[in-house]
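Participant: Converting from the sequence shown to the numbering used here requires adding 490 to each position, the first position being numbered 1. One structure is given below, represented as structure tokens, and several questions about it will come after.
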Amino acid sequence: MPRQVDHAARRRDIGAAVLKIAAERGFREATIRAVAAAVGASTSQVTHYVSGRNEMIRIAVRHEIEARQAQITELLADSERPLRALVEWAVLDASPDAQRIWLAIVLGARTEPVVRAELEVFNHWWDAVVRRLVGNAGDADVVDVLVDGLVLVGFEAPEDWPRERRLRVVDAVLAPLGVQ
């Protein structure tokens with residue numbers, strides 16, 4: 491009897507390997523050969539589940555983005571202060587692995603059209619969520635700069651920007667917007 495293979499699980503494993511490689515060495519290094527080695531398969535086994543490198547990267551990035559969108563949607567549905575919860579989630583609650591993956595996605599978008607296309611879809615979605623929560627395009631831009639800035643300082647100098655300091659900045663920026 492032929493062995494039963496969970497195709498969705500194999501594609502998830504391939505996607506996870508792509509993201510791990512990208513977070514460690516960049517998307518340029520996420521080749522079919524490197525992913526095959528990471529999952530303990532041959533290149534032909536990997537290409538059985540994906541048609542090529544672009545599809546492999548698209549699947550990985552889309553899966554990551556959809557997972558974050560689901561987290562955000564759940565967070566907002568359960569929160570009495572959704573904008574505050576969204577900002578704190580973005581700048582304080584991501585694990586170091588998630589942060590490295592997102593940094594790889596942002597950096598990869600500069601050189602990988604597939605990554606850029608997927609990130610643009612997420613950014614449009616994110617902007618719509620933030621604008622819905624603040625109701626003013628200018629205020630939404632302030633929130634975007636707040637999030638981007640605090641995420642970057644968390645990468646550059648995490649020891650200089652502990653949680654308490656980042657929360658003070660969040661408070662200072664959100665208070666004028668009427669968000670406590």
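Cβ atoms here follow ideal geometry from the backbone N, Cα and C, with glycine treated the same way.
Give the straight-line distance between the Cα atoms of S569 and H614, rounded to the nearest whole angstrom.
Facilitator: Reading the sequence shown from its first residue, position 79 is the one you call residue 569. Reading the sequence shown from its first residue, position 124 is the one you call residue 614. Computed Cα separation, rounded: 22 Å.
Participant: Report all residues from its chain with a CB closer than 8 Å to the CB of Y539; omit the five preceding and five following residues, and keep chain order.
Facilitator: The residue given as residue 539 occupies position 49 in the sequence shown. Same-chain partners within the cutoff: H497, R500, R501 and I504.
Participant: Kindly indicate the opening and closing residues of the alpha helix (DSSP H) around P648.
Facilitator: On the sequence shown, residue 648 is found 158 positions in, with the first residue counted as 1. Per DSSP, P648 belongs to no alpha helix (DSSP H) and is neither H nor E.
Participant: Check T601 in the structure and name its three-state DSSP category.
Facilitator: Start at 1 with the first residue of the sequence shown, and residue 601 comes out as number 111. Looking at T601 - three-state DSSP - the assignment turns out to be coil, as it is neither helix nor strand.
Participant: Starting from Q561, follow the alpha helix (DSSP H) in both directions and report where the run begins and ends.
Facilitator: Taking the sequence shown and counting its residues from 1, one reaches residue 561 at position 71. Run containing Q561: R543 to D568, per the alpha helix (DSSP H) assignment.
Participant: Pop quiz: A507 and V525 are said to be a contact at Cβ under 8 Å. What is the actual Cβ separation, rounded to whole angstroms?
Facilitator: For the purposes of this step, residue 507 is identified with residue 17 of the sequence shown, where counting begins at 1. For the purposes of this step, residue 525 is identified with residue 35 of the sequence shown, where counting begins at 1. Contact flag correct, Cβ pair sits at about 5 Å.
Participant: Determine the direct distance from the alpha carbon of V632 to that of L642, and round the result to whole angstroms.
Facilitator: Taking the sequence shown and counting its residues from 1, one reaches residue 642 at position 152. Taking the sequence shown and counting its residues from 1, one reaches residue 632 at position 142. Those two C-alpha atoms are separated by around 15 Å.
Participant: Is it buried or exposed for D650, if we count other Cβ within 10 angstroms and need 16 for buried?
Facilitator: In the sequence shown, counting from the first residue as 1, residue 650 sits at position 160. Under this definition D650 is an exposed residue.
Participant: Could you tell me the distance, in whole angstroms, from the CA atom of A665 to the CA atom of R574?
Facilitator: Start at 1 with the first residue of the sequence shown, and residue 665 comes out as number 175. Start at 1 with the first residue of the sequence shown, and residue 574 comes out as number 84. For A665 and R574, the distance between alpha carbons rounds to 10 Å.
Participant: Specify the secondary structure class of P586 as computed by DSSP and reduced to three states.
Facilitator: The sequence position of residue 586 within the sequence shown is 96, counting from 1. Three-state result, P586: helix.
Participant: Classify F517: buried if its beta carbon has 16 or more other beta carbons within 10 angstroms, exposed otherwise.
Facilitator: As a position in the sequence shown, residue 517 is number 27, starting the count at 1. Buried, by the Cβ-count rule.
Participant: Tell me whether the beta-carbon of Q589 lies closer than 9 Å to the beta-carbon of G644.
Facilitator: Position 99 of the sequence shown, counted from the first residue, corresponds to residue 589. Position 154 of the sequence shown, counted from the first residue, corresponds to residue 644. Taking 9 Å as the Cβ cut-off, Q589 and G644 qualify as a contacting pair.
Participant: Reducing DSSP to helix, strand and coil, say where Q494 ends up.
Facilitator: Counting from one through the sequence shown, the residue named residue 494 turns up at place 4. If DSSP states are grouped into helix, strand and coil, Q494 belongs with coil.
Participant: Which two residues bound the contiguous alpha helix (DSSP H) that contains S534?
Facilitator: Numbered from its first residue, the sequence shown carries residue 534 at position 44. T533 to Y539 is the span of the alpha helix (DSSP H), which, as asked, contains S534.
Participant: Starting from the C-beta of V581, find all residues in its chain whose C-beta is less than 8 Å away, skip the five residues before and the five after it, and write them out in chain order.
Facilitator: If you number the sequence shown from 1, residue 581 lands on position 91. For V581, where only same-chain residues beyond five positions count, the Cβ hits under 8 Å are L636, V637, L640, V641, G644, R656 and V660.
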